[in-house]
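Working notes, beginning with the structure itself.
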Amino acid sequence: MGDKMPGRTGKPYREGELEVILSLAPTKDNIYWLSKLLERSEKSIQIGYKIAFEHGPFGKDFGIQEKKIIGAKERIGLAIGRKKPRKQAE
Numbered sequence: 499m500g501d502k503m504p505g506r507t508g509k510p511y512r513e514g515e516l517e518v519i520l521s522l523a524p525t526k527d528n529i530y531w532l533s534k535l536l537e538r539s540e541k542s543i544q545i546g547y548k549i550a551f552e553h554g555p556f557g558k559d560f561g562i563q564e565k566k567i568i569g570a571k572e573r574i575g576l577a578i579g580r581k582k583p584r585k586q587a588e
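Residue numbers (the numbering used here): 499 to 588.
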């Protein structure tokens, strides 16, 4: 399982992609297959999971991404992890 950068690096997620990612457990196999199916790097899939479920300083500089992930969590009814985006430093 590699982490080659697929063609959608830096492009916005399509409708429903974040919801699909967050609906699956963050296993190595799921990250690998999501990477292939969504044409994203394994690292980008891992970052999405980290923003969704980790607490602490990680993700504090991912303001827009964090808002999108929290919105996706809400839409699929996830009850674990951050519920609101952090306030961004100005």
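Each residue gets a CB set at the ideal place from its N, CA and C atoms; glycine is no exception.
So, residue i versus residue j, is the Cβ gap smaller than 8 Å?
i: I568; j: G546; result: no
i: L516; j: A570; result: yes
i: L532; j: I543; result: yes
i: E540; j: I529; result: yes
Whole angstroms are fine: how far does the CA of residue j sit from the CA of residue i?
i: E588; j: F560; result: At E588, the pLDDT of 44 sits below 50, so the modelled position is not reliable; the number obtained from the coordinates is stated separately. Each residue's Cα considered, the two are about 14 Å apart.
i: K548; j: G505; result: 22 Å
i: E564; j: P524; result: 17 Å
i: H553; j: A577; result: 14 Å
i: E572; j: G579; result: 11 Å
i: Y511; j: K582; result: 20 Å
i: D527; j: I574; result: 22 Å
i: G550; j: K566; result: Before going on, a small fix: residue 550 reads as Ala here, not Gly. Rounded to whole angstroms, A550 to K566 spans 10 Å at the Cα level.
i: E513; j: I562; result: 16 Å
Under three-state DSSP, which class holds residue i?
i: E517; result: helix
i: F551; result: helix
i: Y511; result: coil
i: A577; result: coil
i: A523; result: coil
i: G561; result: helix
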